[in-house]
Amino acid sequence: MPDIIVKKFGGTSVSNPEKIEKVANIIISSYKNNKNIVGVVSAQGNTTDVLIDKAYEINSSPSTREMDVLLSCGEQITISLLTMAIEKKGYAAVSFTGWQAEIITNSNFGNARIQKINTEKIYTELNKRNIVIIAGFQGINEFGDITTLGRGGSDTTAIALACVLKAKKCEIYTDVSGVFTADPKIVKNSKKLSSINYDEMFEMASLGAGVLHNRSVEMAKKYNVELEVKSSIENIEGTIIKNEDKNLEKMLITGVTKDSDIAKISLIGLENKRGAAYKTFSKLAKEEINVDIIIQNMNENEKNISFTISKNNLEKSLKILNKNKNIIKFKNILCDKNLSKISIVGTGMISNPGVASKMFEALHEEKINIHLISTSEIKITVLVESKDAKKAMLAIHKKFFNEF
Ligand code: ASP
Ligand code: MG
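In this text, residue positions in the sequence shown follow numbering that gives the first Met the number 0: the first is 0, and each later residue adds one.
Shown next as structure tokens:
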């Protein structure tokens with residue numbers, strides 16, 4: 000059997016008939032090169048956002064099960080249109096929804112995880128030399144309910160398929176030509192990386208680089224899937240994501256990212272006793288609130304805890320915390336929605352001193368105040384006011400990549 004290549008196309012690459020035709024051509028050209036092709040597609044353009052708005056017009060707190068029934072429609076439209084485009088050009092293709100492709104997930108509607116994929120049906124089609132087009136972002140749970148994998152989840156569908164089908168390669172086609180040192184739509188002189196390692200890509204994806212779903216990178220690393228992010232518009236080399244990247248040793252950092260979908264909550268005047276953090280975060284965890292950066296400080300009498308969450312969890316979190324004020328025992332609660340997270344990422348910082356100070360210097364020179372700092376082995380994150388975020392990103396990028 001010819002090698003299998005999984006090709007995933009994002010929403011911007013399939014947003015109109017001309018672009019769908021272009022995608023059909025990319026698929027056919029690789030097919031004619033004696034490859035078996037599994038295409039994975041997202042919903043067209045901003046269809047998913049439009050569907051979400053439709054839901055809220057009807058019900059301000061729709062059930063997650065029905066939300067998934069609705070959102071899965073977006074990808075279902077794209078698979079049929081793309082398959083028709085391929086058929087029109089005289090090639091045999093077949094489309095499958097997530098459930099037809101037997102992508103089995105857990106029941107966590109809205110953020111389900113893939114547990115298993117039954118490959119028989121897909122292999123049957125490939126063996127007939129048919130092109131198979133599969134809806135990204137969706138699956139089915141053990142009870143037959145439709146599930147979705149979380150925003151951006153089509154990447155994860157593609158990589159999961161590449162794993163189970165033992166594909167030679169997984170190619171993620173998008174509207175930029177690869178992974179850049181910073182989002183090229185914000186930082187005009189950012190550079191395309193010829194390669195990046197899985198860990199750095201995972202951090203960049205988690206910290207706001209919209210180019211890949213972070214869970215997809217985690218999976219690609221675990222199963223060592225060869226991954227390339229490339230352009231659906233120009234036929235040029237993209238960025239390879241792989242295990243080791245020796246070239247990167249000379250670079251202090253690999254990229255700069257920005258994430259504006261954050262809100263900060265501070266609990267002021269907690270008693271200086273054990274259990275404050277446990278009480279706070281167990282209440283939030285019970286309601287499935289994902290907490291990101293946590294900072295605690297204390298003096299002789301009191302503790303303060305600050306943490307970040309995504310903006311859409313702010314109201315719910317404040318409600319939970321205020322309801323439990325007497326159990327958690329804080330004096331005051333503050334929140335801030337006007338902050339953005341700017342991060343630098345790179346394995347280079349493990350062995351090079353002075354990376355943090357260089358980042359802070361760039362912000363100081365631009366007179367940008369830092370609200371919070373958090374670091375790990377391969378990333379440094381600061382929170383700055385959203386009005387300064389773009390300026391911060393440009394300054395930091397310039398500081399680290401000027402010499403290129
Ligand atoms: N259509 C979904 C979204 O907009 C999934 C994806 O595009 O990967 O999040
Ligand atoms: Mg995406």
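Backbone N, C-alpha and C fix where the C-beta goes; we use that ideal spot for every residue, glycine too.
Based on Cα-Cα distance, which residue from Asn15, Gly38, Ala262, Glu376 lies nearest to Glu124?
-> As a first step, residue 124 must be located in the sequence shown, where it is residue number 125. The shortest Cα separation from Glu124 among Asn15, Gly38, Ala262, Glu376 belongs to Gly38.
Pull up the distance between the alpha-carbon of Lys322 and that of Lys386, whole angstroms please.
-> Within the sequence shown, residue 322 is the residue found at index 323, counting from 1. Within the sequence shown, residue 386 is the residue found at index 387, counting from 1. Straight-line Cα distance between these residues: approximately 32 Å.
Where the beta strand (DSSP E) through Met0 begins and ends = Translated into the one-based positions of the sequence shown, residue 0 becomes position 1. Run containing Met0: none; DSSP gives neither H nor E here.
By how many angstroms is the C-alpha of Glu314 removed from the C-alpha of Phe403?
-> What you label residue 403 is simply residue 404 of the sequence shown in a count that begins at 1. What you label residue 314 is simply residue 315 of the sequence shown in a count that begins at 1. Per-residue confidence for Phe403 stands at a pLDDT of 45, beneath the threshold of 50, marking its modelled position as unreliable; the derived number appears in the next sentence. Whole-angstrom Cα-Cα distance: 44 Å.
Which runs of the beta strand (DSSP E) spanning at least 3 residues fall entirely within the stretch 85–156, listed in chain order?
-> 92–95, 102–104, 113–116, 130–134, 137–139, 145–147
Could you tell me if Gly89 is buried or exposed, where buried requires 16 or more neighbouring beta carbons within 10 angstroms of its beta carbon?
-> Here the question's residue 89 lines up with position 90 in the sequence shown. Exposed.
So, does the CB of Ile130 fall closer than 7 Å to a CB anywhere in chain D?
-> This model lacks chain D altogether, as it is built from one protein chain only.
So which of Asn110, Phe95, Phe108, Ser106 has the shortest CA-CA distance to Asn117?
-> Here the question's residue 117 lines up with position 118 in the sequence shown. Considering only alpha carbons, the answer is Phe95.
Under three-state DSSP, which class holds Phe403?
-> Counting from 1 along the sequence shown, the entry for residue 403 is found at position 404. Its pLDDT being 45, under 50, Phe403 is placed unreliably in this model, and the coordinates cannot settle the point.
Nearest to Asn300 by CA position, among Ser281, Ser60, Leu269, Leu320, is which residue?
-> Here residue 300 corresponds to residue number 301 of the sequence shown, with the count starting at 1. Ranking Ser281, Ser60, Leu269, Leu320 by Cα distance to Asn300 puts Leu269 first.
Would you list the one or two residues that DSSP bridges to Tyr172?
-> One-based indexing of the sequence shown puts residue 172 at position 173. Tyr172 pairs with Phe8, Lys229.
Given Ile19 as reference, the closest of Arg214, Thr173, Ile308 once Cα atoms are compared | Counted from its first residue, the sequence shown places residue 19 at position 20. Taking only the C-alpha atoms, the option nearest Ile19 is Thr173.
Select from Ile264, Asn188, Ile239 the residue whose C-alpha is nearest the C-alpha of Asn401.
-> Counted from its first residue, the sequence shown places residue 401 at position 402. Among Ile264, Asn188, Ile239, the Cα nearest to that of Asn401 is on Asn188.
Return yes when at least one heavy atom of ligand 2 lies under 6 Å from the C-beta of Gly177, else no.
-> As a working note, residue 177 is residue 178 in the sequence shown. It does not: the Cβ of Gly177 is nowhere closer than 6 Å to a heavy atom of ligand 2.
The beta strand (DSSP E) enclosing Gly268, as first and last residue numbers | One-based indexing of the sequence shown puts residue 268 at position 269. Unbroken beta strand (DSSP E) run through Gly268: 262–270.
Own chain, CB closer than 8 Å to Ala394, minus 5 neighbours either side, in chain order = Translated into positions along the sequence shown, residue 394 becomes position 395. Excluding sequence neighbours, Ala394 sits near Ala361, Leu362, Glu364, Glu365, Ile367.
Examine the Cβ distances between the stretch 328–345 and the stretch 260–280 and report whether three or more of them are shorter than 8 Å.
-> yes
Going by Cα to Cα distance, which pick from Ser215, Ile121, Leu382 is closest to Trp98?
-> Within the sequence shown, numbered from 1, the residue matching residue 98 stands at position 99. Comparing Cα positions, the closest option is Ile121.
Going by beta carbon distance, what residues of the same chain come within less than 6 Å of Gly260, once the five residues before and after it are set aside?
-> Along the sequence shown, read from residue 1 onward, the residue named residue 260 stands at position 261. Reading off the sequence, residue 260 comes out as Asp, not Gly. If we look at Asp260 and ignore the five residues flanking it on each side, its Cβ neighbours are Ser309, Lys310.
For Lys302, the first and last residue of its enclosing beta strand (DSSP E) = Counting from one through the sequence shown, the residue named residue 302 turns up at place 303. Note, Lys302: beta strand (DSSP E), 301–308.
Count the other CB atoms within 10 Å of the CB of Asn24; is the residue buried (16 or more) or exposed (fewer)?
-> On the sequence shown, position 25 is the one that residue 24 refers to. Under this definition Asn24 is an exposed residue.
Would you call the CB atoms of Arg64 and Phe136 closer than 7 Å?
-> Taking the first residue of the sequence shown as 1, we reach residue 64 at position 65. Taking the first residue of the sequence shown as 1, we reach residue 136 at position 137. In this structure, Phe136 does not lie closer than 7 Å to Arg64 by Cβ.
Kindly examine ligand 1 and report whether one of its heavy atoms sits closer than 6 Å to the Cβ of Asn63.
-> Residue 63 sits at position 64 when you count from the first residue of the sequence shown. Before going further, note that residue 63 is Thr rather than Asn in the sequence given. Answer for Thr63: no, Cβ out of range of ligand 1.
Taking Glu202 as the reference, give the member of Ser265, Ile341, Glu233 with the closest Cα.
-> Walking along the sequence shown from the start, residue 202 turns up at place 203. That would be Ile341, whose Cα lies nearest to the Cα of Glu202.
Determine, using beta carbons only, whether Ser194 and Ile239 come nearer to each other than 7 Å.
-> Counting from 1 along the sequence shown, the entry for residue 194 is found at position 195. Counting from 1 along the sequence shown, the entry for residue 239 is found at position 240. It is a contact, given that the beta carbons lie within the stated cut-off.
Between which two residues does the beta strand (DSSP E) containing Glu384 stretch?
-> Residue mapping note: residue 384 aligns to position 385 of the sequence shown, counting from 1. Counting along the chain, the beta strand (DSSP E) containing Glu384 begins and ends at 378–384.
Can you tell which of Val210, Gly237, Met200 has the C-alpha that lies nearest to the C-alpha of Lys220?
-> On the sequence shown, position 221 is the one that residue 220 refers to. Comparing Cα-Cα distances from Lys220 to each of Val210, Gly237, Met200, the minimum goes to Met200.
Have a look at the DSSP bridge pairing and note the partners of Val178.
-> On the sequence shown, residue 178 is found 179 positions in, with the first residue counted as 1. The partner list for Val178 (beta bridge, DSSP) is empty, contrary to what the question assumes.
When a residue counts only if its C-beta is closer than 5 Å to some heavy atom of ligand 2, which residues count, in chain order?
-> Gly9, Gly151
Which residue from Gly73, Ser339, Cys169, Thr380 puts its Cα closest to that of Val49?
-> Residue mapping note: residue 49 aligns to position 50 of the sequence shown, counting from 1. Minimum Cα distance to Val49 is reached at Gly73.
Neighbour-count burial assignment, Ser281, 16 or more Cβ in a 10 Å radius = The residue given as residue 281 occupies position 282 in the sequence shown. That one is exposed.
Closest residue to Pro1 among Ile130, Gly347, Phe399 (Cα-Cα distance) = As a working note, residue 1 is residue 2 in the sequence shown. Comparing Cα positions, the closest option is Ile130.
Residue environment, Met297, which counts as buried when at least 16 other CB atoms sit within 10 Å = As a working note, residue 297 is residue 298 in the sequence shown. Counting Cβ neighbours within 10 Å, Met297 comes out exposed, since fewer than 16 surround it.
Cβ of Ser342 versus every heavy atom of ligand 1: is any distance shorter than 6 Å?
-> The sequence position of residue 342 within the sequence shown is 343, counting from 1. Because no heavy atom of ligand 1 lies under 6 Å away, the Cβ of Ser342 does not count as near it: no.
Backbone CA spacing between Ile372 and Ile304 [nearest angstrom] | Translated into positions along the sequence shown, residue 372 becomes position 373. Translated into positions along the sequence shown, residue 304 becomes position 305. Straight-line Cα distance between these residues: approximately 14 Å.
Is it right to say Ala388 is buried, meaning 16 or more other beta carbons lie within 10 angstroms of its own, or is it exposed?
-> To locate residue 388, count along the sequence shown from 1; it is residue 389. So Ala388 counts as buried.
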